Each structure stands twice: as structure tokens, then as C-alpha cells.
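Below is one structure, written out as C-alpha cells; the observations come after it.
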Amino acid sequence: MSGFFDGERLTAARAKVAEYPQPRSAILPLLHMVQGELGYVPRDAMREIADLIGITPAEVLGTGSFYTMFKFEKMGRHLVSVCGGISCMLMGSHDLYRRMLDHFGVGSLGTTDDGEFSFELVECAAACGGAPAVQVDYLFFENVGADDGVELLEDIRRLGLDTVYAERGSMTAPLSPGAEEALAAGPAPKTAHPRAEAEATD
Amino acid sequence: MTAESVSITIDGREVQARAGELLIAEAERNGVYIPRFCWHPRLRSVAMCRMCLVEIEGMRGLQPACYVPVKEGMEVRTQTDAVRKVQEGVLEYLLINHPLDCPVCDRGGECPLQDHTLAFGPGESRFVEDKRHFEKPIEVSELVLLDRERCIQCARCTRVAAEVAGDALIDFGSRGNNLHIITFPDEPFASYFSGNTVQVCPVGALTAAPYRFRARPWDVTAVETTCLACSVGCRGALYETRNEAIRLLGVDVDCVNLGWLCDKGRFGYEFTAAEDRLECPRMDGEDITWGEAIEATAIAVESAASVAAIGGARLTNEGAYALSKFMRVVAGSNDVDCQLDDGLPARFVAAVQDRATFEDIDTAAAVVLAAPDLKEELPVLYLRVRRAVLDHGTALYVAGGAQTGLDRFAARIAGRLEDLDAADLPADGDIVVVVGRQSLTQDPEHLVAWASVLAERLGGRVKLLPVLRRANAHGAIDMGLAPDLRPGRVGTEDPTARDVLAATWRGEFPTEPGRGTREILEAAAAGEIDVLFLVGADPVADFPDPDLAREALDRTPNVIVSDLFETPTTAFADVLVPAAGWGEINGTVTNVEGRVQRLAAAVVPPGQAASDSNFFREVAERLGVDFGCGTPAATLAEIRRVVPAYAETQPSALRGTEGKKGVMVGPGPLAVEAAGVLPAPSETRDGALAVRAARTLYDMGTLVSRCPSLAQLAPGPVVRVNPADAQRLGLQDGTEAVLRPAGDGEAATWAEPLRRRVVVDAGTHEGTVFVPLNQGDVPVAWPPGLEVDVEGAG
Ligand code: SF4
Ligand code: SF4
Ligand code: FES
Ligand code: FES
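Just so you know, the sequences run in chain order A and B. Start counting the first sequence at 1; every next residue gets the next number (this note's numbering). Start counting the second sequence at 1001; every next residue gets the next number (this note's numbering).
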């Protein structure tokens, strides 16, 4: 069984490591490479990263797990991040989160049996004005009332994230140059979603 | 290295400090204790915990004393309201999530967090919410347990693992409130130095599995002693409760162990409580009294034409001296050897004039390792070499085929000794050459010939460090437990030394060199030895030719064995006496540098077990010899009289703060004779592999197999193979390999081939297989130069 880093990926990874005076600076870029393609970082890939850099897998996991957006378990097709920050909490996001979990019969940080959704409660998602905020694959949905969450996700399951996002999604952060056009052109292509290729690869 | 002195003011008092050193350390040297959690004198500062914040005039805000070096004129305040407020704040913050389960915590009663809270804490908690909970404890390794909720996130453990041991197998996972120590899943913290993390943890988050829940700090007593699990001689404090040894902690001595212990040393006390200790003398398998054992031995010696003794390396200097004296004065024989043909020629060890110390390694320009894998055989010495190479930029040279754990930092790796010559080494600076037997198949004469030629070519810049692994082997050689030596690193032929000895020993003693272990066993196998003493020696398991050992013991009419346990050898004993061992006897030992240190008893030996000195004295007295050596102190006094190199070993010099350094033994009159030319290298047969037959830290040896915590860590019957060789031979990890002596003729004939499980290991050098000894399978012969053919078993 060949690992994640072979062929072109291996070349790219070696080049990445060589970019830095301290090889261990390449931990995060290499984790990004893996997660960008697989949607999460499997254990074996962490071992490979450790070998490429000359450190231990524990150091790779230690550094990676500092960042909550790196995932080390296989995720569902969509990652649902409910904001648990103060504004959203006051506006009922805990309740929203609980109802979603109950509806899909999973625990916090769990994944539905059909592999459709994984859930997490996150710190302030920087959309306080639209509290309670929910992100699905890091795309924003705002003012999601406690009663609305389940319906939102069922719609996504039925119609697809792109469609639902085009209808109901929001963009709260100031747009970067060129983003306006991109938005007008419709939802970002599939590869832009970190999790989108997971199925293709698995 | 005398640091420049500067004046600083601490809390209004002017004191002298060493320029450039950390404020926290200099304050402490001047009697001002600044509280701390993350700072540890043997680790790099990280200034993470903020417990050590102080005010420094002219610097904005509070400053971490563990990160700021002192400067001339610095004005420091450690007791102001602002400082106290921060200390209370830090403690209150740390206690938010701390479970305060002190009554069931191993650290309770000796816990820096408890002590600091009492001295600097707020006294009351305002936190009424739920504390965080974790599943507990987590086994981060077989030896270390982790209660994550007690962790105060100081990173001492992770720094010990990464910085000191080079085994970064634990790290912080997650962040903030969730930060906790992790291992990689399925990769336990399998470091030979893992116990050090328990010792430096300032709370009870890390506990040692063998000690957990065994005692409370107020129910134990401690003695300062020396570890004898190898010849590094680390300083330690041995704790006992209700006459049971329960832990060994490292004692920080600059020149020896810097406070560290390896896990074999740290948990090696377990054998003292083993169920199967020998407790009663035996004759032909039947229990007898000590009186009967002494009588039988005396009668055997009295009527013997030929008496020989093997062993003595586990004895104290006093015990080894008593054996040495007994053999010379009472038995009239120089047939004594504390080695089992598994070390170096004793004469070479004794003749090295300018022996390197551990501290010489710190300042050397280069270190040459022509030695066994230090990590496996002399672990804490490995830590010092590692520090020199990584932190001081010492150049590392490796010669002779043993892997070192430091190979990837080596300036040069020479597979054969001959491939490294003086010209390859740096032209300036001191060079330390560590010389030790790398494999039972290595010809020791060849090794020392190479080392002496190298030393001669390097001249005054070189210091040799001959290393023998066994406990007090160096002390035993100093006490004359070698066929051509007498006490004091003196040749048996030396007339001056003989006169000095004669004044004390009286009686006659032989001047011709005697026979070493191999010759003794050969003579015994030919029926020429009447009495053979085996003192803590197990030739059937440890001598490189087990068939010869068995044959020899079988043919010898009186085999007298002193040991702690039954061994494959004790089955041949006519008289078997139970010995008291480490932790049970007082005395001195001499480490690999030639440093004499104190050994202290913490527990009473089991049953009737008694010290070997007593046994030899009693037999001597029974034979009408006024032997002396009634107590360890009396024996040491006699040693001081007859061994000039030990003249400074008064009890007072070995006690107290100064005594922690021990006393360095001076050189003897012998000198290393250089062979002149480098010996010719040997050629490997086509396709055959060289064998490195050597020890691993954990094995099924007599003591480790009686330490339940350590025995489980032995690698078992494996053979380590370089990936390239494995591929060529079609060997896969985990499959069985069959090893047979290559070629024919002089090579060993094994009755059966050796079957071992393959471990493919990039650390093993190509062209060599590594066979760890003493792994519970039947021992085979390891003649010098042996090569093997290896093939898969199926
Ligand atoms: S386990 Fe102990 S040594 Fe390690 S970080 Fe936590 S408190 Fe510090
Ligand atoms: S290195 Fe040797 S002396 Fe030191 S603790 Fe380990 S076994 Fe004991
Ligand atoms: S608190 Fe939810 S977006 Fe800020
Ligand atoms: S001891 Fe200085 S910050 Fe921890």
C-alpha cells in the first residue's frame, strides 16, 4: 500500500520542506496538503509527514491539533460548525446545536451514520451580527433560529449545498478584491470546498 | 570557565552574580527563592508559566526571572504587591482546573504546586463552576501514567523527552483549556529515559507505574546511593518503606548524571523484592546452614591444588577487594577474572593513564565512539554525549560497526575501525575516544590495539575512556580481579607494589600472571581445576561459549557459587550461597571514569542472604588466616593503605555536598603500549553478514527478569536487519529468520541454527545483523570474527 506522499505529491512535499531553514516549519503546509485533498489528515499521513521532516508523529499531531480546523478523523461529506460564541449562545445557538444532534442522532463532534454531516461547536465565527451563525463547509448561514437548523441541513441533503447556499447563504466578512465577481459567478467550484474531494479519493 | 561576576540588588540587598546567568538561578544561589513551575535548571527556559515574574528597575511590566540574564547593576524586587498579586493570580488560574485530589495523588506531600499554593497562593478559590474531567489515568507507556486533569502545562516533560533524551514521543495536543499531553495513537512513550519526566513533573500528572499508590512521602526514608545497573554510576536517592525499596530518584551531580537516570536504573530496584531470591545456603540442592557452607568451602579450598574465581563485578569495591585478597592470600592463586570474556583486556583498562572523565566530553572538540551502543549499555553517558554533540557542537566520529543512536549527527561513520585514523579527526582541540567491546564477536585485542595506535598518533590531545558495562567492573579491576593485576591497577609482576601489599597481606602470594576466564574454563573442562568460585557470574548464559562453560562446570569437583538468584549456572553449584546485593549493602563503587562513590543500604537482605565479603572472610578465618576486612569501613581503610590511587577515599570525602562528586582515582604505574601499526582489517566472506552480538538495555538477564516493570520491555528473541540487507535476503519484518555460522573450519559450530524474529531497522548498519543477547532463547557461541548466513524460515 503506497502512502499519501508519492509521485508528484512527494516531490511537492520535499520542495516544501526545503523552502524553510527549519524543516519543522513545513508541518502546517504539509498538513494543509493532506487535508486539502482528503478532507482530514489520516494517521498514516502524519507518520509520512514526520518522516519527511525528521520529527516524530507525536510532534506532527501535537502541532496540528493546536488548530481546531485540522481534522484527524474522517469527516462527513459536510462539516457543520455551529457557533458557540457569546453572541450566538445568547441568541440560542446551544439549543440549535442540541436539536441538530438529536435530530440526526449523533453526539457532539460526531458524524451521521450515512456520512452526510459531521458536527462541531466552534468559538466565535466572526459573524456576531448575524447570530446565531452556522457554517457548512465554512460557508456562512446567519440568523439560524433554533427551529431552522434541522430544516437547513435536510434541505442541503436533498438539494445540495451549492443550491441552498446560493439561496440562503450569506457573506459577512468584507469581500476581498475579485470576490464580488466570483460570487456573482455562482458558488465556488467543488474543489474549493476543502471536503469536496474526499469521496473522490476514498 | 569562570564567569565574570556582576553586582545586582535583590530586594534591597546587593549580591554577586555570574554575568549572563539567569536571574532565577542567581537569586537562588544568593538565598532568594523565586517560585517557578516551568523552569528547570537542566532544561532550556520557555517562560511559559509566569510564576516567576518579578519587578526589574527600568524594565516595563513584570519580567520572567527564568528568562532574563543578570546584568551589572540590575535592581530586582521579588516581594512587591504587584509581584504577589501576579503570583496569586497565576496560582488561582492554575487551580481553576486542577482537581485538588491531593489525598489520592502520589505527589501529595512533596508537590511543588501544593507548596507554592501554600506559600504564594490566594488561599481561597472563587471558581464555582465545573472543572474539566478526563478519563484517567492514561498509560503513556508501560512505565508512565498520565492524569491529564492534574497537568499544569509547564512543558517540563515534553522538554525532557525532546531536548534531553531526543525521544519526542509526547507533546502538547490541542490548546487553551483543552491543552493536554498526548502520545501519537499506537505509539507509546517508549523512551529509555521516560521516568525522568515523572521526576520533573511539578504535580502528580505523571506517575511511575511501579510507584503509583505505593507510599506517601511521609512514610518513606531515603538514602543517597549510586545506581549499579551499569557502570555510569548515576547518583540517586533510594527510598524504602516498611523495608521495601520503592523508588529511586536521580540526584543532580554536574560531573556524573546531571540529575537524570535511565529507566533501567530507576526501576531496577524491583529485584530486591523478587519472590525467588536465594535466601538460604545450599549444598547439592539441600538447604544447609552458613556454618556448613563455610566449612565445606574451607575444606574444598584447603585440599585443592588449583583454585580459580570468576566474577565479582557486581560486588562493592570492598567485596571485590576481599575476593581479590582471598584468592591471592588464602587460595594462593592469580586465576581470577571479573569479566566473562565479554569486555576488554583488563590490563589495557588499568594502563590507560589519562582516562577521560564525563566532563572532558563536555569540552572536547571531538568524541570518537568505538564503543557499544551507549544508549543500550551506558544510557546516561549517551545523554551526555548527545548533549555535547547537539548543544556544544562537538564533532562525533563512530567507528567499528555499532550503531549509536547518534549516527545521524556523526561527522563520519567508519564501519571498520581501521577506516578511522588520526588524520580523519579535527586537527585542534581535545579528543575523547570511548573504547568498548561492541560485540562478543569483536576481537578485543584488535580493538585495544587500534585504540592505542590512534592514541599514540594523536598524542597529548587524546583521552581514552575504556568502558565496561557491568556494574562495578571498573572497581573490580582496580581491586585486582584480573589474572595479571593486583589492587591499584598494578601488574602482578610489580615488585614495589608487592612489597606494599606484603606488609598488609602477610603470607605468600603468587607473582606469575594467572589465567583469565576462558583459560580457567578450558582448564576446568580438562579437569584441572579443583575449586571454582563463581561470584555473581553466570558463564552458562554470559560467556561467549556456553558449551565450554557447561563442560567446565560439569568437570569441576567443587563449584562454589554466590548469587542473588538461581541462574543457568547455579544448577552446577556444589555449594550455593545467597548474596546480599545492591540496596542491601554499604560500601563504595567505582564508575567507568574511575570515580569512587558511596553505595548505601536501604533495606535488609532477605532470609539469610549476606555480603560476599563476609563469606570470604569467614572461610579465610576458618582456614586460620587473620583476614581483617570485618566491615566495609575497615576494608576501605585497608584499601586506602595498600592502593595508593584510593588514598583519598576517606568516608568524609564521600559524604555531604562535596562528596556527591565522589573521589577520582589516580592512575596506576602501567602505561598503554602502542602496537605501532594498525592491525589489518578482516574481509567479509561473500554474502555473509557480520554479527553484532551485544546487550540491549532490557533483556532476560538475571536482574532485569526479576524487575516486572522492565522484563516486559525486553525486545525478545529478535534479529535486527538493515532494510537493504532485508530486501536482498527477502526478509520481512516480523517473520522468522534462520542464522547459521558462515563458512566452515574455525568458526563456531552451533548444534542448532539460531531462529529469531526479524526486525527491519534502518539504524542497524548495512552488512551487519544485530543479535540482542540474553533474550530468553538458548545461548550460542560467539567466537571472534563470526559471520552468519541468514535466510527466511519458510
Ligand atoms: S504532565 Fe507534568 S511536566 Fe508535563 S506539562 Fe503537565 S505538569 Fe508539566
Ligand atoms: S545509566 Fe547506568 S548508572 Fe545511570 S541510571 Fe542507567 S543503569 Fe543506572
Ligand atoms: S459569537 Fe457567533 S459569530 Fe461571534
Ligand atoms: S518559571 Fe519562569 S515562566 Fe515559568
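We put the CB at the ideal spot given by N, CA and C, even for glycine. A quick note: this is a predicted structure, and the numbers were derived from the prediction, not measured.
The alpha helix (DSSP H) that contains residue i, what's its start and end?
i: PHE1358(B); result: 1358-1363
i: SER1613(B); result: 1612-1622
i: ASP1499(B); result: 1495-1505
i: GLN1114(B); result: 1112-1120
i: GLY62(A); result: 57-64
i: TYR983(B); result: With chain B running from 1001 to 1794 in the structure shown, residue 983(B) is simply not present.
i: TYR1321(B); result: 1317-1325
i: TYR1397(B); result: Segment 1395-1399 is the beta strand (DSSP E) holding TYR1397(B); no alpha helix (DSSP H) there.
Kindly indicate which three-state DSSP category residue i falls into: helix, strand or coil?
i: VAL1467(B); result: strand
i: GLN35(A); result: helix
i: ILE1034(B); result: coil
i: MET100(A); result: helix
i: VAL1330(B); result: helix
i: CYS1154(B); result: coil
i: PRO174(A); result: Low confidence applies to PRO174(A): its pLDDT is 48, below 50, so where it sits in the model is not reliable, and the reading given next is rough at best. Note: PRO174(A) maps to coil in three-state DSSP.
i: CYS1234(B); result: coil
i: THR1657(B); result: helix
i: ILE1170(B); result: strand
i: GLY129(A); result: helix
i: THR1492(B); result: coil
Excluding five sequence neighbours on each side, which residues of the same chain lie with their C-beta closer than 7 Å to the C-beta of residue i?
i: ARG1212(B); result: ASP1106, LEU1145
i: PRO29(A); result: LYS16
i: ALA1082(B); result: GLU1055, LEU1062
i: VAL1531(B); result: ALA1300, VAL1301, ALA1304, VAL1307, ASN1558, ILE1560
i: TRP1039(B); result: ILE1024, SER1045, CYS1052, CYS1066
So, is the C-beta of residue i closer than 9 Å to a C-beta in chain B?
i: PHE119(A); result: no
i: LEU79(A); result: no
i: ILE55(A); result: yes
i: GLU59(A); result: yes
i: ARG43(A); result: yes
i: THR63(A); result: yes
i: MET69(A); result: no
i: PRO174(A); result: For PRO174(A), the predicted model reports a pLDDT of 48, less than 50, meaning its position is unreliable; a value from the coordinates is still stated below. Chain B contact via Cβ: absent.
Once you ignore the five residues that flank residue i on each side, which residues in its own chain have a CB closer than 6 Å to its CB?
i: ARG1148(B); result: PHE1134, HIS1180
i: ALA1573(B); result: VAL1559, VAL1561
i: ALA173(A); result: Interpretation of ALA173(A) is limited by its pLDDT of 49, a score under 50 that renders its predicted location unreliable; no figure is taken from the coordinates.
i: PRO1379(B); result: TYR1192, CYS1262
i: ASN1030(B); result: VAL1015
Please confirm whether residue i has its beta-carbon closer than 9 Å to some beta-carbon of chain A.
i: PRO1187(B); result: The sequence given here has Glu at residue 1187(B), not Pro. Closer than 9 Å: yes.
i: ARG1175(B); result: yes
i: PHE1409(B); result: no
i: PHE1184(B); result: yes
i: ALA1170(B); result: In the sequence on display, residue 1170(B) carries Ile and not Ala. ILE1170(B) counts as touching chain A.
i: ALA1162(B); result: yes
i: ASP1130(B); result: no
i: ASP1761(B); result: no
Near residue i, what residues of its chain come up, given a Cβ to Cβ distance below 8 Å and the 5 sequence neighbours on each side ignored?
i: GLN1650(B); result: ARG1640
i: ALA1674(B); result: SER1452, VAL1453, ALA1455, GLU1456
i: GLY1794(B); result: THR1735, GLU1736
Kindly indicate the opening and closing residues of the beta strand (DSSP E) around residue i.
i: SER1562(B); result: 1558-1563
i: ALA1422(B); result: No beta strand (DSSP E) holds ALA1422(B); DSSP gives it neither H nor E.
i: CYS83(A); result: 78-83
i: SER1005(B); result: 1005-1010
i: PRO1539(B); result: Looking at the DSSP string, PRO1539(B) is not in any beta strand (DSSP E); the run it does join, the alpha helix (DSSP H), is 1539-1542.
i: PRO1578(B); result: 1575-1578
i: VAL1758(B); result: 1754-1760
i: LEU1145(B); result: 1144-1146
i: GLY1587(B); result: 1587-1590
Across the region 1467-1482 of chain B and the region 1306-1319 of chain B, are there enough close Cβ pairs to call them in contact, namely three or more that are closer than 8 Å? yes
Does the count of Cβ pairs from the region 1227-1245 of chain B and the region 1166-1180 of chain B closer than 8 Å reach three? no
Is there contact between the region 1059-1077 of chain B and the region 1110-1121 of chain B, where contact requires at least three CB pairs shorter than 8 Å? no
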